[in-house]
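In what follows, a single structure is set out as structure tokens and then discussed.
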Amino acid sequence: MSKEQILEAIKGMNVLELNDLVKAIEEEFGVTAAAPVAVAAGGAAVAEEQSEFDVILNSAGASKINVIKVVREITGLGLKEAKDLVDNAPKAIKEKVSKEDAEGIKAKLEEAGASVEVK
């Protein structure tokens with residue numbers, strides 16, 4: 001039987017017949033049809049690079065007022081909301097931003113005297 005004939009026979013099968021065929025092949029050759037798929041999917045997940053980052057304010061440091069000003073500038077929050085955010089550190093300043101934006105925000109906050117982390 002040629003490959004073309006096998007493929008034509010498979011095309012003519014319904015789902016139950018295909019399921020029985022897969023099980024018979026697995027038993028005959030001692031293989032599992034799902035294993036290669038799982039390995040390929042696992043490899044693809046590892047290869048993906050993180051594209052969204054969170055900027056976390058760990059502490060305001062010595063110059064809290066400057067940090068509050070920068071937080072207001074970055075987030076658009078009012079004075080009270082920005083102060084509350086800084087007072088309750090560690091807190092997320094921005095979530096799900098690009099790597100470039102996260103690094104820019106981190107640089108601004110560190111320049112103001114804050115301790116910042118990008119996750």
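All residue numbers for the sequence shown refer to full-length UniProt numbering, where the first residue is 1 and numbers rise by one. Every residue, glycine too, gets a C-beta built ideally from N, C-alpha and C.
Distance from the CA atom of LYS94 to the CA atom of ASP84, rounded to whole angstroms, is 15 Å. DSSP, read as helix, strand or coil, puts VAL31 in coil. LEU7: member of the alpha helix (DSSP H) spanning 3-11, first to last residue. The closest CA to that of ILE74, considering only VAL15, LYS106 and ASP87, is found on LYS106.
DSSP places LEU77 in the coil class of the three-state scheme, outside both helix and strand. Annotation: ILE56 to VAL118 spans about 6 Å, alpha carbon to alpha carbon. Closest in alpha carbon position to LYS91, among ASP20, ASP54 and GLN50, is ASP54. SER59 sits away from ALA82, with the two beta carbons spaced by 8 Å or more.
Judged by DSSP secondary structure, ALA107 falls within the alpha helix (DSSP H) whose first and last residues are 99-111.
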